[in-house]
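With this note's numbering applied, the sequence shown covers 1 to 208.
Quick notes on the structure that follows.
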Amino acid sequence: MWLKVEGFVDLVRGWWNGYHFVGSRSYVLACKLKVLKGDLKHWNKHAFGDVVFKKKYLQSELLDLDLREGMQTLSPADSARRVEIKTDIEYLASLEEISWRQKSKALYLKEGDNNIEFFHRLANSHRRINTMRGVEVEGFLYEDEFAIQDQVVGFYKSLYQEIEPWRPIDGLEFANLDEANWIALKREFEKEEIIAALREAKGDEAPV
């Protein structure tokens, strides 16, 4: 949604280059990301506000102009305003759609397997939207499914083969698992657990 705003990338670049912290690279990166998050939240509130409210307000104004046109000829200024309103409504509608897509993904992560039927339809929608038609590598376009897979796998293989010493993480705090949780994650599933989960599954629904 933010990328639809003209000048957004330059705005973020200016913020990023204006942050100055002292420490290891990992510490500086974490600090800059934290400040950037705050700037983005503040900017989002003032740049977008309530998209739904703005859209409804413009729709009401557009309706008034349509009713006025039914009784008399609109002035050139009113006609120009109506064109402007329609453009703004279309823009806000696209932002609203993007916002709902983002919220639906966040909701999926939060709600897990609840309301499976809805989330299956949602996943199918995301799959259609996220379909990769091709990938360009060094000026050559790969469109065959297996060729695309090879290029993607090759990219990440080379990406994670970087030879670097362990980067310092001084000054950064990370959440840790206690011993009980660590053991629970490492243990193998018991046969009874697997059978119980399979029995709870119904069709394309996940176990509760």
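Built from N, CA and C at the ideal position, the CB exists for glycine as well.
Cβ of residue i within 7 Å of any chain D Cβ
i, result
"LYS56", "Judged by its chain identifiers, the structure shown contains no chain D, having just a single protein chain."
Reduced DSSP secondary structure (H/G/I, E/B, other) of residue i
i, result
"LEU33", "helix"
"PHE174", "coil"
"GLU136", "strand"
"TYR142", "strand"
"GLY23", "coil"
"ARG199", "helix"
"GLU6", "coil"
"GLU193", "helix"
"ARG187", "coil"
"GLN161", "coil"
"LEU65", "helix"
"SER75", "coil"
Residue i to residue j span [Cα, whole Å]
i, j, result
"SER75", "TYR91", "25 Å"
"CYS31", "PHE21", "7 Å"
"ASN176", "ALA184", "14 Å"
"MET132", "ARG82", "38 Å"
"THR73", "GLY38", "49 Å"
"GLU136", "VAL5", "26 Å"
"GLN59", "TRP182", "55 Å"
"ALA180", "GLN161", "33 Å"
"GLY154", "GLY139", "16 Å"
"VAL12", "LEU40", "8 Å"
"ALA80", "TRP43", "29 Å"
Under 7 Å between C-beta atoms of residue i and residue j
i, j, result
"TRP2", "PHE8", "yes"
"ILE148", "TYR142", "yes"
"LYS55", "ILE85", "no"
"LEU65", "ASP78", "yes"
"GLU97", "VAL51", "no"
"TYR57", "VAL35", "no"
> Between the segment 25-33 and the segment 55-74, do three or more beta carbon pairs fall short of 8 Å?
Replying inline: no
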